[in-house]
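First to last, the protein sequences are chains A and B. Residues in the first sequence are numbered from 0 upward in steps of one, following our numbering. Residues in the second sequence are numbered from 0 upward in steps of one, following our numbering. In this text, a Cβ means the ideal position worked out from N, Cα and C, and glycines have one as well.
There are 2 protein chains.
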Amino acid sequence: MKRINLKELANLLNLSTSSVSKALRDSHEISEETKKKVREFAVKHNYSPNPYATSLRKKKSKTIAVILPEVADNYFSLAINGIQKVAEARGYHLLIYLSHEKYSIEKAVLEECSNGRVDGVLISISSETTDHSHLQKLVNENIPLVFFDRAPEDFNASKVITNDYDCGYFTAMHLIEDGCTNPVFLSMSSALPICHRRAEGFKAAVLATGIASDPNKLVHYCDGTEEESMKKIQELFESKNRPDGVVASVERLAIQTYMVAQESEINIPKEVKVIAFSTLETAPILNPPLSTITQPAYDTGTKAAELLFQRIEKPLQYTQPECVVLPSIFMERKSCIPKSHFS
Amino acid sequence: MKRINLKELANLLNLSTSSVSKALRDSHEISEETKKKVREFAVKHNYSPNPYATSLRKKKSKTIAVILPEVADNYFSLAINGIQKVAEARGYHLLIYLSHEKYSIEKAVLEECSNGRVDGVLISISSETTDHSHLQKLVNENIPLVFFDRAPEDFNASKVITNDYDCGYFTAMHLIEDGCTNPVFLSMSSALPICHRRAEGFKAAVLATGIASDPNKLVHYCDGTEEESMKKIQELFESKNRPDGVVASVERLAIQTYMVAQESEINIPKEVKVIAFSTLETAPILNPPLSTITQPAYDTGTKAAELLFQRIEKPLQYTQPECVVLPSIFMERKSCIPKSHFS
DNA sequence: CTGAAAGCGCTAACAC
DNA sequence: GTGTTAGCGCTTTCAG
Numbered sequence: 000m001k002r003i004n005l006k007e008l009a010n011l012l013n014l015s016t017s018s019v020s021k022a023l024r025d026s027h028e029i030s031e032e033t034k035k036k037v038r039e040f041a042v043k044h045n046y047s048p049n050p051y052a053t054s055l056r057k058k059k060s061k062t063i064a065v066i067l068p069e070v071a072d073n074y075f076s077l078a079i080n081g082i083q084k085v086a087e088a089r090g091y092h093l094l095i096y097l098s099h100e101k102y103s104i105e106k107a108v109l110e111e112c113s114n115g116r117v118d119g120v121l122i123s124i125s126s127e128t129t130d131h132s133h134l135q136k137l138v139n140e141n142i143p144l145v146f147f148d149r150a151p152e153d154f155n156a157s158k159v160i161t162n163d164y165d166c167g168y169f170t171a172m173h174l175i176e177d178g179c180t181n182p183v184f185l186s187m188s189s190a191l192p193i194c195h196r197r198a199e200g201f202k203a204a205v206l207a208t209g210i211a212s213d214p215n216k217l218v219h220y221c222d223g224t225e226e227e228s229m230k231k232i233q234e235l236f237e238s239k240n241r242p243d244g245v246v247a248s249v250e251r252l253a254i255q256t257y258m259v260a261q262e263s264e265i266n267i268p269k270e271v272k273v274i275a276f277s278t279l280e281t282a283p284i285l286n287p288p289l290s291t292i293t294q295p296a297y298d299t300g301t302k303a304a305e306l307l308f309q310r311i312e313k314p315l316q317y318t319q320p321e322c323v324v325l326p327s328i329f330m331e332r333k334s335c336i337p338k339s340h341f342s
Numbered sequence: 000m001k002r003i004n005l006k007e008l009a010n011l012l013n014l015s016t017s018s019v020s021k022a023l024r025d026s027h028e029i030s031e032e033t034k035k036k037v038r039e040f041a042v043k044h045n046y047s048p049n050p051y052a053t054s055l056r057k058k059k060s061k062t063i064a065v066i067l068p069e070v071a072d073n074y075f076s077l078a079i080n081g082i083q084k085v086a087e088a089r090g091y092h093l094l095i096y097l098s099h100e101k102y103s104i105e106k107a108v109l110e111e112c113s114n115g116r117v118d119g120v121l122i123s124i125s126s127e128t129t130d131h132s133h134l135q136k137l138v139n140e141n142i143p144l145v146f147f148d149r150a151p152e153d154f155n156a157s158k159v160i161t162n163d164y165d166c167g168y169f170t171a172m173h174l175i176e177d178g179c180t181n182p183v184f185l186s187m188s189s190a191l192p193i194c195h196r197r198a199e200g201f202k203a204a205v206l207a208t209g210i211a212s213d214p215n216k217l218v219h220y221c222d223g224t225e226e227e228s229m230k231k232i233q234e235l236f237e238s239k240n241r242p243d244g245v246v247a248s249v250e251r252l253a254i255q256t257y258m259v260a261q262e263s264e265i266n267i268p269k270e271v272k273v274i275a276f277s278t279l280e281t282a283p284i285l286n287p288p289l290s291t292i293t294q295p296a297y298d299t300g301t302k303a304a305e306l307l308f309q310r311i312e313k314p315l316q317y318t319q320p321e322c323v324v325l326p327s328i329f330m331e332r333k334s335c336i337p338k339s340h341f342s
């Protein structure tokens, strides 16, 4: 069964292509009668316009790109859900790209986004990204760009983020109040702004209480492969001054911390208390239930998408970048209860 | 900064558009010298062809659609990863659509896929999908279609699935061997082929051992909203002949089973043993560690994508649909150990 | 080896 | 209220 196009449809109807085109888009120039006839005929012949011809003509693709470091993290799944909801409601299509935390891939993907393929870009930058020229290039091409969650510190574009510093501060305070004297922060990258801000908040809190023996050993970097990261945590847990509190900056590190603790038979929370930045759905049923700083992933996605569409659809109303901060919430569970509460 | 197009580029080079076009695509018709000149010039001016103009001309979009019920399930995240890897390697773009388990949405999305927007479709059908006319329509339009994981039983198209029946059979046998006398199967939909096959295998095993008091009460349907599903499981756990073994057919039901057990203070595995069809990364660190039938999600994604690209790129070699079965593997953990092993 | 011209399918000025 | 025409940016015969 071959697809019918506008010209063929017009011929069959004994009308011009432009009349049919207008009729299908409910133009006021066309009489109700012919509109009706055209619509019925189009449905009968299963006609729908070629989107790329339309895009070419209108210079609008009704498509946006979503660039993520990965999709395995629950956070990004939830964010995609939010983005997708907004996009679907507005009749936009979603092109998904994964940078796999690589700057080089991220850069290549952005090149692809600047040739008219998409009307806008939503991005959460890779952990390797420190240079921003590839992002600047997109902005120079006048393609709307909105960051969500992972945004560069010093880049002039709209973004939707969470209160990382405050939450980092909070986690340290909480661990200390629960009796920790040697808490550490597990970061996945010194370059990644979210980790950096969370770590800064954490450090500030620890230093404020004056319990730190060595301020340079508060933050540990678990970059590299999964295996390297696991090993790093393992070494930390086997070291002579093993931490009695751990803050995992991302979901993956939380899981790895639990894995290592289980293997090494280190009891959480008796020997090590844990708090994780995470949206893990299984947090309440882990062993023990994991205390989390739960980020508003879904809302971050919807908000970022809304900001983007606002810019795309009402470009004249856009004056300057907007920075929206959506707070995370602390969910206290057994992984960080104080000693006095042990049963 | 405005984007440059082919015509402008050609003018600047004092060449015709066709020569420049050919040069950029390394045609043998063009001399090495001019090719070099053109390429350098193109890079310098940051030229890249408008993909929609190319698509329109070539009637190829270098884009495929991936239609999923949801993205929150780990299985689909992993599958997307696999699909994305193959697509990226071949220079294809990925359009993602979520049906949210709704037949109506799935149908609408498929309409969108048959107007030239995509060169092929990968789909995992919704739990509501029983009618296949929308799928047939796509096939009639000659658009390559490959199912992964969730495929209709009786539809003539390529698919990549797992050994659901056998695994269902296995779970029942395993629970019974571990001492269960009243195992049940939690299905998310009677219509969904994967659940159906898993349930059929399960039932066959239970009936084979002759322990079933009421064969009609082996499978419980937890469809509807999250809350309804939770309530169903709760009622099951509070009923007078509470099951002593549960098989969760999908990730969500596994999590809910754990949630309910935790709330109701029902001990897993002492009071109820659990096995879940799931790719949950956190299975080993749940309380207790969850025994899983782990599906080859990533490989299913890559294989399905490969089948699709084979059809797209070598349509003449395609003779008939292929059905690939990738086996799942059983990961035994504490949620289903026999009584004799309790410590 | 290079260029002219047609046309992919559609929309939007502009005529009638 | 309907039709004619030009053209979005590119590729591809076909001529030279």
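Three-state class that DSSP yields for residue i in the structure shown
i      : result
B/M187 : coil
A/G119 : strand
B/G81  : helix
B/V138 : helix
B/H219 : strand
A/K1   : coil
B/F236 : helix
A/I267 : coil
B/S17  : helix
A/A247 : strand
B/H27  : coil
A/Y96  : strand
B/F146 : strand
A/S47  : coil
Residue i, buried or exposed, once every other Cβ within 10 Å from all chains shown has been counted against 16
i      : result
A/L306 : buried
B/N343 : Nothing in the structure corresponds to residue 343 of chain B, since chain B is present only between 0 and 342.
A/G223 : exposed
A/T208 : exposed
B/E250 : buried
A/R24  : exposed
A/L11  : exposed
B/E152 : exposed
A/I319 : According to the sequence provided, residue 319 of chain A is Gln. The question's Ile does not apply to it. Under this definition A/Q319 is an exposed residue.
Residue range of the unbroken alpha helix (DSSP H) whose run includes residue i
i      : result
A/M330 : Note, A/M330: premise wrong, no alpha helix (DSSP H); beta strand (DSSP E) at I328 to M330.
A/S54  : P50 to K57
A/T357 : This structure does not reach residue 357 of chain A, given that chain A is present from 0 up to 342, and the question cannot be answered.
A/A203 : P192 to T208
A/T170 : D163 to E176
A/C335 : No alpha helix (DSSP H) holds A/C335; DSSP gives it neither H nor E.
B/I104 : Y102 to E111
Backbone CA spacing between residue i and residue j [nearest angstrom]
i      : j      : result
A/G167 : A/P143 : 31 Å
A/I29  : A/R56  : 21 Å
A/D298 : A/G81  : 6 Å
B/V138 : B/F236 : 45 Å
A/Y317 : A/R310 : 6 Å
B/V19  : B/D130 : 50 Å
B/A107 : B/I79  : 21 Å
A/K61  : A/L109 : 17 Å
A/L285 : A/A211 : 30 Å
A/L185 : A/Y164 : 15 Å
A/N162 : A/E270 : 29 Å
A/K58  : A/G90  : 16 Å
Residue span of the beta strand (DSSP E) that contains residue i, given as start and end
i      : result
A/V65  : T62 to L67
A/T293 : S290 to T293
A/V273 : K272 to F276
A/C179 : No beta strand (DSSP E) contains A/C179, which DSSP labels as neither H nor E.
B/V324 : C322 to L325
Can you list, in chain order, the residues of the segment 87 to 98 of chain A whose Cβ is nearer than 7 Å to any Cβ on chain B?
-> Taking 7 Å as the cut-off between beta carbons, the residues of the segment 87 to 98 of chain A near chain B are H92, L93, L94, I95 and L97, in sequence order.
Within 7 Å of chain A by C-beta, residues of the segment 112 to 140 of chain B in sequence order | Within the segment 112 to 140 of chain B, the residues whose Cβ lies closer than 7 Å to some Cβ of chain A are N114, G115, R116, N139 and E140, listed in chain order.
With 9 Å as the C-beta to C-beta threshold (strictly closer), list the residues of the segment 67 to 81 of chain B near chain A in chain order.
-> Listed by position, the residues of the segment 67 to 81 of chain B near chain A (Cβ gap below 9 Å) are E69, V70, A71, D72, N73, F75, S76, L77, I79 and N80.
With 8 Å as the limit, tell me which residues of the segment 278 to 307 of chain A have their beta carbon closer than that to any beta carbon of chain B; keep them in chain order.
-> Within the segment 278 to 307 of chain A, the qualifying residues are L279, E280, T281, P283, I284, L285, N286, P287 and P288.
Using Cβ-Cβ distances below 8 Å, what residues of the segment 226 to 237 of chain A are close to chain B?
-> Correct list: empty, as no residue qualifies.
Can you give me, in chain order, the residues of the segment 256 to 273 of chain B that have a beta carbon less than 7 Å from any beta carbon in chain A?
-> The segment 256 to 273 of chain B vs chain A, Cβ under 7 Å: Y257, M258 and Q261.
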